[in-house]
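Heads up: the protein sequence lines correspond to chains G and R, in order. Sequential numbering of the first sequence, starting at 1, is according to this note's numbering. Sequential numbering of the second sequence, starting at 1001, is according to this note's numbering.
Number of protein chains: 2
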Amino acid sequence: MSRWEPNARGRLEQAALELYSERGFEQTTVAEIAKRAGLTERTFFRYFADKREVLFWGAGALQEFFMTNVASAPDSAAPIDAMAAALEAVGALFQERREGARRRQAIIAANAELQERELIKLARLSAALADTLRRRGVRDPAASLTAEAGIAVFRISFEAWISETSQRDLSQHIRESLDELKAVTAGK
Amino acid sequence: MSRWEPNARGRLEQAALELYSERGFEQTTVAEIAKRAGLTERTFFRYFADKREVLFWGAGALQEFFMTNVASAPDSAAPIDAMAAALEAVGALFQERREGARRRQAIIAANAELQERELIKLARLSAALADTLRRRGVRDPAASLTAEAGIAVFRISFEAWISETSQRDLSQHIRESLDELKAVTAGK
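1) Let's see if you can read the secondary structure: which residues bound the alpha helix (DSSP H) around Pro-79(G)?
2) So is Asp-1131(R) in contact with chain G if we call contact Cβ pairs under 8 Å?
3) With 8 Å as the threshold, decide whether the Cβ of Pro-74(G) is near any Cβ in chain A.
4) For the putative contact between Leu-1055(R) and Phe-1154(R), defined by C-beta atoms under 8 Å, what is the C-beta separation to the nearest angstrom?
5) Would you mind reading off the limits of the alpha helix (DSSP H) that contains Asn-1069(R)?
6) Since Leu-1012(R) is in the alpha helix (DSSP H), which residue starts that stretch and which ends it?
7) Just checking: is the beta-carbon of Arg-135(G) within a distance shorter than 8 Å of some beta-carbon in chain R?
8) Assuming contact is defined by CB atoms lying nearer than 8 Å, are Ala-152(G) and Ala-1149(R) in contact in what I supplied?
9) What does a CB cutoff of less than 6 Å around Ala-1031(R) pick up in its chain, not counting 5 residues either side in sequence?
10) Who are the neighbours of Glu-1116(R) on chain G, taking C-beta pairs under 7 Å?
11) Please state the DSSP three-state secondary structure of Tyr-1100(R).
12) Which residue comes first and which comes last in the alpha helix (DSSP H) that contains Ser-76(G)?
13) By alpha-carbon positions, which one of Ala-123(G), Thr-146(G) and Ser-163(G) ends up nearest to Arg-134(G)?
14) Using a cut-off of 8 Å between C-beta atoms, extract the partners of Ala-1034(R) located in chain G.
15) Which term fits Ser-1163(R), buried or exposed, when burial requires 16 or more other beta carbons within 10 angstroms of its beta carbon?
16) Consult DSSP for Val-1054(R) and reduce its assignment to one of helix, strand or coil.
17) When the distance is taken between beta carbons, is Asp-169(G) closer than 8 Å to Gln-105(G)?
18) Strictly under 8 Å for the Cβ-Cβ distance: is Ile-156(G) near chain R by that measure?
19) Against chain R, with Cβ distances strictly below 8 Å, would Leu-145(G) count as a contact?
20) At least one CB of chain G closer than 8 Å to the CB of Leu-1087(R): is that the case?
21) Going by other Cβ atoms of all chains shown within 10 Å of its Cβ, with 16 needed for buried, is Lys-1188(R) buried or exposed?
22) Hey, would you say Glu-118(G) sits closer than 8 Å to Pro-1141(R), going by beta carbons?
23) Hey, is Val-30(G)'s beta-carbon within less than 8 Å of any beta-carbon in chain R?
24) Distance check for Pro-6(G) and Ala-143(G), CA to CA, integer angstroms please.
25) Using C-beta distances below 6 Å, list every residue in its chain close to Trp-1161(R), excluding the 5 sequence neighbours before and after it, in chain order.
26) Any beta-carbon of chain R closer than 8 Å to the one on Thr-185(G)?
27) Please confirm whether Arg-168(G) has its beta-carbon closer than 8 Å to some beta-carbon of chain R.
28) Please work out which residues of its chain come closer than 6 Å, Cβ to Cβ, to Tyr-20(G), disregarding the five sequence neighbours upstream and downstream, and give them in chain order.
29) Between Ile-80(G) and chain R, is there a C-beta pair that is closer than 8 Å?
30) Output, in chain order, the set of chain G residues within a Cβ distance shorter than 9 Å of Ser-1171(R).
31) Is the CB-CB distance between Glu-1116(R) and Glu-26(G) below 8 Å?
32) Within this structure, are the beta carbons of Met-1067(R) and Leu-1114(R) separated by less than 8 Å?
33) Report the rounded CA-to-CA distance for Pro-1079(R) versus Asn-1069(R), giving the unit in angstroms.
34) So what's Phe-1158(R) in DSSP terms, helix, strand or just coil?
35) What residue range does the alpha helix (DSSP H) around Lys-121(G) cover?
36) By the criterion of Cβ-Cβ separation under 8 Å, what are the contact partners of Ser-177(G) in chain R?
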């Protein structure tokens, strides 16, 4: 008989991140994750298709959130400003999750297959944002270039934010990277 | 006894691209590629580790060529101008290979595993270019952002060049995309 387990997803995720950090992603089994979380394997598979999904289940929601924020910028906003507004919103979303983000990134950096998965996630996100911009009437190559620029700023800011010892906000890193991109493309 | 086969690499590559286009990448065997080229499987493996490598053996040389051109820009050149010069050189390199490039891209677009491989190739290229810029004294995040911008311009120009019915040069697409990126980041 199955019973309701409070915050099962969160407990499984926490247990998985701990084990991936301690033993490596490859060396961890679903049985071990479930045991550490005090739950059953069956409960694990109610939330995640496999152990990789623990690291990527948020990708769909992130993409949705990003697209919604690009789409809802004022009609008068230039493409880069719609992107900047979305990046700000995404930055605020992650702000309280720095420790988890740092741990997740270290796990991914240690495994080639996970790095590939992360690249695919970001490529999909970029394509989805380019589509969203096209629906705002932005033409190509401007739509694709703005989306790629936004993803580059996001990725580079994110890495700086989690690697740094300072306590700067992710949003601050994003603003600085975007300003830097503007300076760089202006030939500075 | 092995004998020297004139242009074996080129013949194998040509045969492989034909078969991947006709039957799909998955459905093609090395034996079939060798047969179509009028060569042996043994000869195939003298040039390529596996059938995927036929599509990616040029990645190392491309990276090298790209890096050399970024590195050899005048010391006074702004990072984006060093990148623009390298993109021009790469554009000229591909110019005569449009049919092959188009065929290769169609094969890759039809196969998820090959798409992943292509993403990894471009991510490596971007990291290598950021390193090259750092060696020129460019700091982060400017180095990473310039590299990412350059790869985005390259990828988007390349796609426009091979998909288009018009006969514009790759270099022309590259210049236009770069100008567009500058306009976009300037908020236009």
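Quick reminder that beta carbons are idealized off the backbone N, C-alpha and C, glycines included. If you're wondering where the values come from, they're calculated on a predicted model, not measured in any experiment.
To lay it out plainly:
1) 79-94
2) At a cut-off of 8 Å, the C-beta of Asp-1131(R) has no neighbouring C-beta in chain G.
3) Judged by its chain identifiers, the structure shown contains no chain A, and its protein chains are G and R.
4) That belief does not hold up - the Cβ atoms of Leu-1055(R) and Phe-1154(R) are roughly 18 Å apart, past 8 Å.
5) 1059-1071
6) 1008-1023
7) At a cut-off of 8 Å between C-beta atoms, Arg-135(G) does not count as an interface residue with respect to chain R.
8) yes
9) Glu-1041
10) Glu-116 and Ile-120
11) In the sequence as presented, Tyr is not what sits at residue 1100(R); that position holds Gly. DSSP places Gly-1100(R) in the helix class (H, G or I) of the three-state scheme.
12) First-last for Ser-76(G): undefined, no H or E at that position.
13) Residue Thr-146(G) is the option with its Cα nearest to Arg-134(G).
14) What Ala-1034(R) touches in chain G: nothing, since even the nearest Cβ is about 30 Å away.
15) exposed
16) Three-state result, Val-1054(R): helix.
17) no
18) yes
19) yes
20) no
21) With a threshold of 16 other beta carbon atoms within 10 Å, Lys-1188(R) falls short and is exposed.
22) no
23) Output row for Val-30(G): interface = no.
24) 43 Å
25) Leu-1170 and His-1173
26) yes
27) no
28) Once the five neighbours on either side are set aside, the close Cβ partners of Tyr-20(G) are Thr-28 and Ile-107.
29) yes
30) Correct list: empty, because the minimum Cβ distance to chain G is about 15 Å.
31) no
32) no
33) 12 Å
34) helix
35) 112-135
36) Pro-1141 and Leu-1145
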